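Working notes for the structure below.
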Amino acid sequence: TKLIRGLGELEYEERLEKLQLCTLEKRRLRGDMITVYKYINGPYNKLSGALFTSRTSQRTRGHPLRLEEK
53 TKLIRGLGEL EYEERLEKLQ LCTLEKRRLR GDMITVYKYI NGPYNKLSGA LFTSRTSQRT
113 RGHPLRLEEK
């Protein structure tokens, strides 16, 4: 974001706000969540058993899919 003319002197958060972008940390987290989704539902679902296990819960509310890292 520093390379964009007129924004190089602003703080990182100000540049992100002007460009309406998320922080690098949030973008990486989003990418990780997309990858996990692909492992569970997409072309990599055969590998998901080696990485994750389904977790059953006694709760009556919440999302039915819970994962635990192996």
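Using my numbering, the letters of the sequence shown correspond one by one to residues 53 to 122. Beta carbons: idealized from backbone N, C-alpha and C, even for Gly. Bear in mind the structure is a predicted one, so any value in this text is a computation, not a measurement.
Legend entry - Cut-off 8 Å between Cβ atoms - residues of its own chain near leucine 71, not counting five sequence neighbours on either side: These residues qualify, in order along the chain: Thr53, Ile56 and Leu59.
Legend entry - Closer than 8 Å to chain C by CB, arginine 79: Any reference to chain C falls outside this structure, which holds one protein chain only.
Inset, instruction - Rounded to whole angstroms, what's the CA-CA distance from glutamate 77 to valine 88? Just pull it up for me. - result: Looking at the two C-alpha atoms, the distance is approximately 17 Å.
Inset, instruction - Can you tell me which of the three DSSP states lysine 54 falls into? - result: Correct three-state label for lysine 54: coil.
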